[in-house]
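**Q** Letter 67 of the sequence shown, counting from 1, is numbered 150 in this note's numbering, and no numbers are missing.
Shown below is the structure under consideration.
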Amino acid sequence: MLKPNKLGNKNFLSSLDMSTEEVLHILKLAKQLKNKELNIELKNKVLGLIFNKSSTRTRVSFQVAMSRLGGTTIDLNPTTSQIGRGEPIKDTARVLSRYCDIIAIRTFSHSDLEEYSKWSAKPVINALTDLEHPCQALADFLTIKEEFLDFKNVVLTFIGDGNNVANSIILCGALLGVEVRIACPKGYEPNSSIIKKALEIYKDKNLLKITNDPHSAVSGANVLYTDVWSSMGEENLKENKDKDFNGFTIDRNLVKKADKEAIILHCLPAYRSKEITDEIIDSNKSRIFDQAENRMHSQQALLACLLS
Ligand code: CP
Ligand code: NVA
84 MLKPNKLGNK NFLSSLDMST EEVLHILKLA KQLKNKELNI ELKNKVLGLI
134 FNKSSTRTRV SFQVAMSRLG GTTIDLNPTT SQIGRGEPIK DTARVLSRYC
184 DIIAIRTFSH SDLEEYSKWS AKPVINALTD LEHPCQALAD FLTIKEEFLD
234 FKNVVLTFIG DGNNVANSII LCGALLGVEV RIACPKGYEP NSSIIKKALE
284 IYKDKNLLKI TNDPHSAVSG ANVLYTDVWS SMGEENLKEN KDKDFNGFTI
334 DRNLVKKADK EAIILHCLPA YRSKEITDEI IDSNKSRIFD QAENRMHSQQ
384 ALLACLLS
């Protein structure tokens, strides 16, 4: 029977904190947990959750994942804890390390997350920063694997902002050797250091394409993926971004250009009728709600590996 393997890295701050073999192991473990073919016990283990931004899926999927493993979670609300008062990260991290076995953090700046991990004696998980959303990418590739069984010849096209979600797809896609095409308006390309790191991993450098043309990017694609145009923290940019992203909506015309068996992904929450139409979210091509469910299974596998 498959057992959780200890990961080489103590933390999961970036998709690149795992090797290709470790990602594949987590996906296999997650699928077995989902199918109830595997039972992993993390009795009495405590996961601390710090959310400096809103969350539904990440918060609840971590809570349920931990409870299914026999452990518990503590949700630290910044406004009712001393975090909101501005207690230094290095103090909070050292104190929480004395109580919790592992901590998941959602925050703005990626360097704040790195600061937590520097001072934490316990593993730290990235529950989303402005730079990356690596837990989301695990669930995304689990959903893709369920559909296509392996990653050979899969073309994943992400249409929208070159944001945290796009960055993690690029990095995890590079580890798995998946062809990733990003279509975004000029000026909204993914972070250049993320692209550089991905290109260092891809054996075939042509498998990563960044373009400003959504129509050519979806041609023959097997997976169409999108996310909001304005992320949390960018509320003041919304009006301009809505104009700049005109033509980047996943609608029936764009879907027609993809492979006829193509599936649709969105990490949620969505702005229906902006980055994606109602019709497409609710169509039979959509795997969006399986993808949301898979957050729980993949994080259960992740917790098991980090705590084994
Ligand atoms: N996809 C995702 O991370 O959703 P939440 O913001 O609801 O956690
Ligand atoms: N890019 C979005 C993802 C939300 C899950 C954000 O950061 O707000």
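All residues carry an ideal CB built from backbone N, CA and C; glycine is no exception.
Quick one: does the C-beta of Asn319 sit closer than 7 Å to a heavy atom of the ligand NVA?
**A** Here residue 319 corresponds to residue number 236 of the sequence shown, with the count starting at 1. Result no, Cβ not under 7 Å from the ligand NVA.
**Q** Curious, which full-length beta strand (DSSP E) runs of at least 3 residues does the region 200-259 contain?
**A** Entirely contained in the region 200-259, the beta strand (DSSP E) runs reaching 3 residues are, in chain order, 207-209, 238-242.
**Q** Express the C-alpha separation of Leu389 and Ser313 in angstroms, rounding to a whole number.
**A** What you label residue 313 is simply residue 230 of the sequence shown in a count that begins at 1. What you label residue 389 is simply residue 306 of the sequence shown in a count that begins at 1. Roughly 32 Å separates the two Cα atoms.
**Q** If you follow the beta strand (DSSP E) that Arg189 is in, where does it begin and where does it stop?
**A** Residue numbering aside, residue 189 sits at position 106 when the sequence shown is read from its first letter. It spans 185-189 - the beta strand (DSSP E) in which Arg189 sits, taken as one unbroken run.
**Q** From the DSSP output, in three-state form, read off Lys93 for me.
**A** As a first step, residue 93 must be located in the sequence shown, where it is residue number 10. Note: Lys93 maps to coil in three-state DSSP.
**Q** Identify which residue in Lys357, Thr294, Leu214, Gly131 has its Cα closest to the Cα of Thr240.
**A** Start at 1 with the first residue of the sequence shown, and residue 240 comes out as number 157. Of the listed residues, the one whose Cα sits closest to Thr240 is Thr294.
**Q** Throw me the rounded Cβ distance for the Thr212 and Thr190 pair, which I believe falls under 8 Å.
**A** Taking the first residue of the sequence shown as 1, we reach residue 212 at position 129. Taking the first residue of the sequence shown as 1, we reach residue 190 at position 107. Thr212 to Thr190, Cβ: 6 Å. Contact.
**Q** Tell me Ile278's beta-bridge partners as DSSP assigns them.
**A** Translated into the one-based positions of the sequence shown, residue 278 becomes position 195. Bridge partners of Ile278: none, in fact.
**Q** Below 6 Å CB to CB, which residues in the same chain sit around Ile157 once its five sequence neighbours on both sides are set aside?
**A** Within the sequence shown, residue 157 is the residue found at index 74, counting from 1. Taken in chain order, the residues that qualify are Gly131.
**Q** Just the C-alpha distance for Ala353 and Thr360, rounded to the nearest angstrom, thanks.
**A** Numbered from its first residue, the sequence shown carries residue 353 at position 270. Numbered from its first residue, the sequence shown carries residue 360 at position 277. Their backbone Cα atoms lie some 10 Å apart in a straight line.
**Q** If you count every other CB in all the chains shown that lies within 10 Å of the CB of His298, and 16 or more means buried, which is it?
**A** Stepping through the sequence shown from its first residue, residue 298 is reached at position 215. It is exposed - the Cβ of His298 has fewer than 16 other Cβ atoms within 10 Å.
**Q** Going straight from the alpha carbon of Glu230 to that of Gln374, what length do you get?
**A** Walking along the sequence shown from the start, residue 230 turns up at place 147. Walking along the sequence shown from the start, residue 374 turns up at place 291. Taking the straight line joining both Cα atoms gives about 11 Å.
**Q** Closer than 7 Å: is that where the CB of Pro297 sits relative to any heavy atom of the ligand CP?
**A** Counting from one through the sequence shown, the residue named residue 297 turns up at place 214. Result no, Cβ not under 7 Å from the ligand CP.
**Q** Does the distance from the CB of Leu290 to the CB of Gly316 come in under 8 Å?
**A** As a working mapping, residue 290 is identified with position 207 in the sequence shown. As a working mapping, residue 316 is identified with position 233 in the sequence shown. In this structure, Gly316 does not lie closer than 8 Å to Leu290 by Cβ.
**Q** Report yes or no: do three or more beta-carbon pairs, one from the region 102-120 and one from the region 185-204, lie closer than 8 Å?
**A** Segments in contact, no.
**Q** Helix, strand or coil for Ala375? Go by DSSP, reduced to three states.
**A** Here residue 375 corresponds to residue number 292 of the sequence shown, with the count starting at 1. Here Ala375 sits in helix by DSSP.
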